[in-house]
Amino acid sequence: MTMSAVAARAGAGKATVYRRWDSKAELVIDAVAVAVDAEEILRNLPDGGSLVDDLHALRKLGLNDQRMWQALVGLSAELQKNPELGAAIHERLVDPRVRVIHGLLERARIRGELRRNDMDIELLAQIPAAMVAYRILVLGKPIDTDFLVSTCEEVLLPLVT
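Numbering (numbering that gives the first Met the number 0), first residue to last: 0 to 160.
Spelled out as structure tokens, the structure:
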């Protein structure tokens, strides 16, 4: 993918594309970013009565779009050189998903499901995102339903309940 190819496909000049995006990396982030409003998701995701049911309902929303993560693989070399790109990816793609998990863990704490009330929910909420990134960036494997279910049921739930 080149900026010239994007401009040609859009029927625009390269200058127009560069006015909107300073780099190919920024364009890719915008192209693959699935807007996630953590607060809206938590308001609209019905309380399933348990953390496991909440996590399964969340999985069905499809917030872990395979294309988004695959695009990040293509940006991995650029991430090493460009800390601002890493910050943008964190802000737009990763952090909103972590905040949703944080909210579900907080729901579970309120319901009395967590084995300890003093657990570091902030840290625990980062585990699924870290596992997704590792699976794609290091192992080169897809994010499928089996992986998401295993991450919830065999990693996150045993840690907190």
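Glycine residues also receive a C-beta, built at the ideal position from the N, C-alpha and C atoms.
Separation of residue j from residue i, as counted between CA atoms
i, j, result
"D143", "I109", "30 Å"
"K13", "M2", "7 Å"
"R18", "E25", "12 Å"
"E39", "R96", "12 Å"
"S49", "Q125", "20 Å"
"G85", "P157", "30 Å"
"A70", "Q79", "15 Å"
"L54", "C151", "7 Å"
"G139", "A11", "34 Å"
"T15", "D119", "46 Å"
"V51", "E83", "35 Å"
"L41", "N116", "21 Å"
"V72", "V137", "9 Å"
"P127", "G111", "21 Å"
Residue closest to residue i, alpha-carbon to alpha-carbon, out of the options
i, options, result
"A30", "R96, L103, R91 and S49", "R91"
"D46", "N116, R114, M130 and A107", "A107"
"G102", "L44, F146 and L84", "L44"
"D36", "D94, I120 and E105", "D94"
"D21", "L60, D52, N81 and A7", "N81"
"K23", "A76, A56 and D145", "A76"
"P141", "R66, A4, D52 and R8", "R66"
"G61", "V99, V5, A87 and A6", "V99"
Residue i: first and last residue of the uninterrupted alpha helix (DSSP H) it sits in
i, result
"G102", "D94 to R110"
"E121", "I120 to Y133"
"L156", "L156 to V159"
"L147", "T144 to S149"
"K140", "Counting along the chain, K140 falls outside any alpha helix (DSSP H), and DSSP gives it neither H nor E."
"T15", "K13 to R19"
"R8", "M2 to A9"
Residue i vs residue j beta-carbon contact at 9 Å
i, j, result
"L155", "L113", "no"
"R58", "V159", "no"
"I135", "L74", "no"
"W68", "A132", "yes"
At which residue ranges does the stretch 32-92 contain complete beta strand (DSSP E) runs of 3 or more residues, listed in the order of the chain?
If we require 3 residues or more, the stretch 32-92 turns out to have no beta strand (DSSP E) run fully inside it.
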